[in-house]
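In my numbering, the protein residues as written are 14 to 251.
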């Protein structure tokens with residue numbers, strides 16, 4: 014059964030949240046296309062935050078790391094106490110959601126040139142030693158997984174813009190999913206809606222046409238990806 018893991022991470026829950034509107038649009042079209050039998054899991058990382066890492070996670074992770082590739086169902090046996098067992102139970106449920114998804118959809122507004130703390134906490138939690146490697150072969154288990162990141166940016170950070178070098182959002186997420194989780198480059202897609210603050214700030218009023226075009230382009234790209242028009246969103250190999 015094909016499945017979608019849908020994550021939102023912005024603190025704004027009002028209708029004005031551009032990233033939430035765009036991920037909702039993607040999810041609705043994806044679910045319409047794949048029908049009620051498709052798997053769908055939603056997490057609002059801002060409303061229901063993932064706890065930050067603490068000593069139980071670190072201690073258990075180091076113990077597992079020293080043993081090499083440990084199957085997920087054997088990690089609990091390595092826990093030293095109840096705190097580590099509780100921490101692992103939470104971590105494993107999040108890891109298994111990632112492993113089970115054919116497509117991971119992430120709504121990530123830009124906060125201070127990077128990602129929201131809520132998204133970073135989720136990333137830290139799911140990055141458990143060996144969690145995305147086959148313990149028998151060492152091969153990555155996310156090589157067929159698609160990742161679509163939808164961002165909303167108050168300014169403009171694309172090529173040839175003055176703030177292009179201040180984008181620590183896409184480069185970070187691209188490197189994380191590609192290098193750390195093993196998602197192929199061809200399976201990563203980023204959709205950016207830029208200058209979203211132009212609608213609200215008088216000093217940016219002259220850029221509202223730019224913002225409207227950027228949002229329209231983002232909506233079109235999201236719709237195309239949700240319909241499978243692109244390598245990043247597709248059914249798994251038979």
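Note that beta-carbon positions come from the ideal geometry of N, C-alpha and C, so glycine has one too.
Point to revise | Classification of residue 160 by the beta-carbon crowding that lies within 10 angstroms, buried from 16 upward | key: buried
Practice item. Give, in chain order, every unbroken run of the alpha helix (DSSP H) that is at least 4 residues long and sits entirely within the region 66–144. Key: 68–79, 85–88, 95–113 and 130–139
Review point. What are the boundary residues of the beta strand (DSSP E) that residue 26 is part of?
Key: Counting along the chain, residue 26 falls outside any beta strand (DSSP E), and DSSP gives it neither H nor E.
Exercise for review: Specify the secondary structure class of residue 164 as computed by DSSP and reduced to three states.
Suggested key: strand
Review point. Assuming residue 33 contacts residue 21 under a Cβ cut-off of 8 Å, what Cβ separation, rounded to an integer in Å, is found between them?
Key: 5 Å
Check your understanding: Whose C-beta lies closer than 7 Å to the C-beta of residue 193 among residues of the same chain, with five residues either side of it excluded?
Key -> 140
Point to revise | Span separating the alpha-carbon of residue 249 from that of residue 115 | key: The predicted model places residue 249 with a pLDDT of 41, which falls under 50 and marks its position as unreliable; any figure quoted below should be read in that light. For residue 249 and residue 115, the distance between alpha carbons rounds to 7 Å.
Practice item. Please report how far the alpha carbon of residue 246 lies from the alpha carbon of residue 17, in whole angstroms. Key: The pLDDT assigned to residue 246 is 45, lower than 50, so where the model puts this residue is not dependable; a value taken from the coordinates is nonetheless given after this. Those two C-alpha atoms are separated by around 10 Å.
Review point. Residue 52: which of 96, 99, 105 and 111 sits nearest, CA to CA?
Key: 111
Practice item. Could you spell out where the alpha helix (DSSP H) holding residue 227 opens and where it closes? Key: 221–239
Review point. If you run the structure through DSSP and keep just helix, strand and coil, what is residue 170?
Key: coil
Practice item. Report the option in 191, 205 and 206 whose CA atom is closest to the CA atom of residue 199. Key: 191
Practice item. Starting from residue 37, trace the alpha helix (DSSP H) both ways and give me its first and last residue. Key: 31–47
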